[in-house]
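Quick note on the UniProt record's numbering: the sequence shown kicks off at 1 and runs consecutively.
Working notes, beginning with the structure itself.
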Amino acid sequence: MDPDYMSTNKFTKKSDVYSFGIILFELITGINPQQGLMEYINLAAIGGEGRVGWDEIPDKDLLVGNIPEEVRMLADVAYRCINKSPRKRPWISEVTQAISRLRQRQPRKHETLTLPRSETRTVLRRIEYQHVELSDLTSMKELTPITA
């Protein structure tokens, strides 16, 4: 849940961006928030030598060997989405553009997925579906506070 919601009691478009970032990290890592996803992400974000350690986070059942640059770049997008400050989070249109640019990239020879092409397409379709749902949500008026 968006940390900003705890202090404001309001969901905003930036709350949806935060949630989408969490979904992206779930897809990349295979870990859900109840299994300690945020702690895992925060440790990876510290990284070694001052760099973000995204090479450590992909689900080992999905990727073996060299981690494609696109996965690292997608993790960067997701990390920007979960910034604690809503003002520092990108707008969903910026996220859309970043993901579109990633999809257009040609992988380098040493950066290949170990998934069969049919499974890769399935994962991409799931990401696109989540993105469409989030875009639909953000196009609605901002939600009012939940009251008990």
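From the three backbone atoms N, C-alpha and C, an ideal C-beta is built for every residue, glycine too.
In this structure, DSSP gives THR96 a helical state, which the three-state scheme calls helix.
Straight through space, the alpha carbons of MET1 and THR122 are spaced by roughly 26 Å. Judged by DSSP secondary structure, ILE23 falls within the alpha helix (DSSP H) whose first and last residues are 13 to 29.
In this structure PHE20 does not touch GLN97 by the C-beta definition: roughly 14 Å separates them, more than the 8 Å allowed. Nearest Cα to PRO3 within the set GLU133, GLN104 and MET38: MET38. At the C-beta level, ASP59 and GLY30 come within 8 Å of one another.
Apart from sequence neighbours up to five positions away, the residues of its chain that approach ASP61 with a beta-carbon distance below 8 Å are GLY30, ordered along the chain.
Each of THR8, LEU74, PRO90 and LEU124 was checked against the Cα of VAL17, and the nearest Cα belongs to PRO90.
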